[in-house]
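To convert a position in the sequence shown, counted from 1, into the working numbering, add 327.
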Amino acid sequence: MTEHVDVVIVGAGLSGIGAAHHLQDAFPQRSYAILEARETSGGTWDLFRYPGVRSDSDMHTLGYRFRPWVAAEAIADGPAILGYIRDTAADAGIDKRIRYGHKVIRASWSSADARWTVEFEHGGVRSQLTCSFLYVCSGYYRYDRGFTPEFDGIEDFRGQLVHPQQWPEDLDYAGKRVVVIGSGATAVTLVPAMAEKAARVTMLQRSPTYIMSLPSVDAVATRLRELLGPRRAYAITRWKNVAVGTLIYQLSQRRPAMMRKFIRGQTVKQLPAGYDVDTHFNPVYDPWDQRLCLVPDADLFKAIRAGKADVVTDRIEKFTPTGLRLESGAELAADIVVTATGLDMLAFGGMTLEVDGRTVELPETMAYKGMMLSGVPNFAFTIGYTNASWTLKADLVAEFVCRMLRHLDRNGYSHFTPWPDPAVTPAPLMDFQAGYVLRAIDRFPKAGSRAPWRLGMNYAQDVLTLRHGRIEDGTVRFAHRTAVPEREKLPWSS
Ligand SMILES: Cc1cc2nc3c(=O)[nH]c(=O)nc-3n(C[C@H](O)[C@H](O)[C@H](O)COP(=O)(O)OP(=O)(O)OC[C@H]3O[C@@H](n4cnc5c(N)ncnc54)[C@H](O)[C@@H]3O)c2cc1C
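See below:
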């Protein structure tokens, strides 16, 4: 007998545990299981262990809506976030529902049975279980390796080469010369953290990124907590931060020249007089065309001011036995080179989807409300915002899934399918120019040119549509178990 549960959640990271919390709150009687490929929970916040690892968005929006973030720090370190996720799971008994070491390989939907058959690998053995609803919270990147570009001569380098995704626990960088290749959130975190012990840390970037400093402790949040208690203070601070984030994003989109000038002005103030801000901190693209990096208490700029870190903007010609030769002709000596060159994006943890015997070609599907797939019944996934904290969207996805399940119950339906609309023009699922997105986005589902397929990038608007919008919107088809599978041609090949 194959085991059956009402819902399978794939992934026990921030999203999967949040999804389980919403689900068991809304439907205490429903059965569910979380299948997690790794032997631990926490996903990203357990995997990444490089020095200084931390959030680069505030915890009042990266935290769950249902669980106040009560620590003083608004920008938290990796272990604190991991603790928050695991405490959430333990306090609600969610940890008992996690099946570790269960890597999902394939899921096949049968319209006749109104069920998914989920195939997973556990201890080298393939097994399966069935569920009525499949909820994928597998993050958005490969876990087994990060992205490293091909560098000429890399095999000649006699120092140590490290990728932040596989940080050696015992890496001793005290007194060493370190070069960090990259300019994203990971690089700007690593540089000041390593500068505390290293002889010198150089951030080597091909092109600059916008970097803004944020106080690590939110004074308003602290005061509100004293006055109103943690729960009400959290709700207000969350909305305050949503409002500030939305304002910065909207101004960046509508008044890019003004925002560029503003960020540049702030950067100049943080750096020594005469520092070449335009070469190292004034990107060619407009603010928020790529993710804007936040640094707590200007730590990166402080490390530069203290002479412990520097930034070099140049291109790598090749690795040499002792470091790097740059296209300008300069040489950078290094004992350790950290390739903070990004993630390798992967849709749905690499699992294959099938519907009624046909393989779902993800690029031929369209994401309904950024969380369900055209032509794929009883299925949802979580991919967070790129212009705001991930969890804002993850919570809304979970709330919408619960609304959908309730709608099925109330009307005696067994399943629903967002139905593709050929009149809608496809658009990228992440409207974002970062290299790691551009490299992989063709392998992901598409978004569409208009609602409900258009990519929602505005939390307040999503609250209205996902929490309060109509469920029967003419796009989603509902069916009873007895119904024969729809005969219309779905937009993917067999
Ligand atoms: C270094 C770093 C810093 C970040 N900082 C921020 C930030 O400050 N703010 C922000 O909003 N976002 C940030 N992000 C994005 C971040 O990934 C999300 O905030 C959030 O942690 C994603 O949670 P998740 O549960 O959706 O995915 P993950 O954390 O990636 O967890 C996914 C889980 O699914 C499991 N899984 C994957 N595939 C399978 C499979 N086939 N079968 C079974 N299990 C599977 C994985 O093992 C993992 O445990 C950051 C990302 C990184 C890499």
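Backbone N, C-alpha and C fix where the C-beta goes; we use that ideal spot for every residue, glycine too.
Among the options, the one whose alpha carbon lies nearest that of residue i
| i | options | result |
| --- | --- | --- |
| Asn714 | Gln356, Ala667, Met693, Trp615 | Trp615 |
| Ala657 | Lys645, Thr668, Tyr786 | Lys645 |
| Asp637 | Arg582, Pro583, Ser510, Ser342 | Ser510 |
| Ser435 | Asp736, Lys635, Val335, Tyr359 | Val335 |
| Val337 | Ser382, Gly428, Ser384 | Gly428 |
| Gly775 | Trp717, Ser701, His807, Leu791 | Ser701 |
| Val547 | Ile538, Val528, Asn568, Leu531 | Asn568 |
| Asp789 | Lys696, Tyr602, Leu488, Gly677 | Lys696 |
| Leu498 | Phe484, Asp483, Met521 | Met521 |
| Phe460 | Ala419, Asp800, Ala562, Trp443 | Trp443 |
| Ser437 | Asp769, His742, Ile508 | His742 |
| Ala767 | Pro378, Ile643, Leu621, Gly669 | Gly669 |
| Gln886 | Ala439, Ile643, Asp758 | The displayed coordinates of the chain run from 328 to 821. Any statement about residue 886 would go beyond what the structure contains. |
| Arg581 | Thr606, Asp605, Asp613, Gly601 | Asp613 |
| Pro542 | Thr536, Val639, Asp385 | Asp385 |
| Gly677 | Leu456, Asp440, Asp471, Asp418 | Asp471 |
| Leu627 | Thr792, His734, Arg413, Ile538 | Ile538 |
| His607 | Thr594, Ala501, Thr549 | Thr594 |
Distance cut-off 7 Å: residue i Cβ against heavy atoms of ligand 1
| i | result |
| --- | --- |
| Thr444 | no |
| Leu341 | yes |
| Glu363 | yes |
| Ala717 | Here residue 717 turns out to be Trp, not Ala, going by the sequence shown. Checking the Cβ of Trp717 against ligand 1 gives yes. |
| Ser465 | yes |
| Ser776 | no |
| Lys773 | no |
| Trp494 | no |
| Trp615 | no |
| Val622 | no |
| Gly783 | no |
| Met521 | no |
| Leu670 | yes |
| Trp372 | yes |
| His795 | no |
| Thr513 | yes |
| Asp383 | yes |
| Thr536 | no |
| Val595 | no |
| Leu488 | no |
| His807 | no |
| Leu627 | no |
| His871 | This structure does not reach residue 871, given that the chain is present from 328 up to 821, and the question cannot be answered. |
| Val337 | yes |
| Gly601 | no |
CB of residue i within 8 Å of CB of residue j, strictly
| i | j | result |
| --- | --- | --- |
| Ala398 | Ala407 | yes |
| Ser534 | Pro610 | yes |
| Gly466 | Thr388 | no |
| Asp404 | Val380 | yes |
| Leu350 | Trp717 | no |
| Arg426 | Glu330 | no |
| Ala761 | Leu782 | no |
| Gly473 | Pro491 | yes |
| Trp746 | Val803 | yes |
| Ala633 | Arg770 | no |
| Gly345 | Asp722 | yes |
| Arg424 | Ala360 | yes |
Residues near residue i by beta carbon distance below 6 Å, same chain, minus five either side
| i | result |
| --- | --- |
| Ala707 | Tyr462, Met698, Met699, Val728 |
| Thr679 | Arg433 |
| Met328 | none |
| Leu488 | Val664 |
| Ser821 | The pLDDT assigned to Ser821 is 37, lower than 50, so where the model puts this residue is not dependable; a value taken from the coordinates is nonetheless given after this. Result list for Ser821: Arg685, in chain order. |
Cβ neighbour criterion (16 or more within 10 Å) applied to residue i
| i | result |
| --- | --- |
| Arg316 | Past the edges of the chain, shown from 328 to 821, lies residue 316, and the structure says nothing about it. |
| Asp545 | buried |
| Val452 | exposed |
| Pro749 | exposed |
| Gln493 | exposed |
| Gly801 | exposed |
| Gln356 | exposed |
| Arg797 | exposed |
Proximal residues to residue i (C-beta, below 8 Å), its chain only, five neighbours per side dropped
| i | result |
| --- | --- |
| Asn785 | Thr573 |
| Gly486 | Thr649, Gly650, Ala661, Asp662, Ile663, Val664 |
| Arg558 | Pro395 |
| Trp819 | Any reading at Trp819 must be qualified, since the residue scores a pLDDT of 44, below 50, and its modelled position is unreliable; the value itself is stated next. Cβ neighbours of Trp819 beyond the five flanking positions: Arg685, Thr686, Val687, Glu688, Glu691, Thr692, Gly702. |
| Val751 | Met693, Gly775, Ser776, Arg777, Trp780 |
| Gly711 | Ser342, Trp717, Thr718, Leu719, Lys720, Ala721 |
Chain-order list of residues whose beta-carbon lies under 7 Å from that of residue i (same chain, five-residue window excluded)
| i | result |
| --- | --- |
| Lys503 | Ala525, Ala526, Asp662, Ile663 |
| Asp373 | Thr367, Leu409 |
| Gly739 | His807 |
| Arg814 | Reliability fails at Arg814, whose pLDDT of 44 lies under 50, so the model's placement of it is uncertain and no value is given. |
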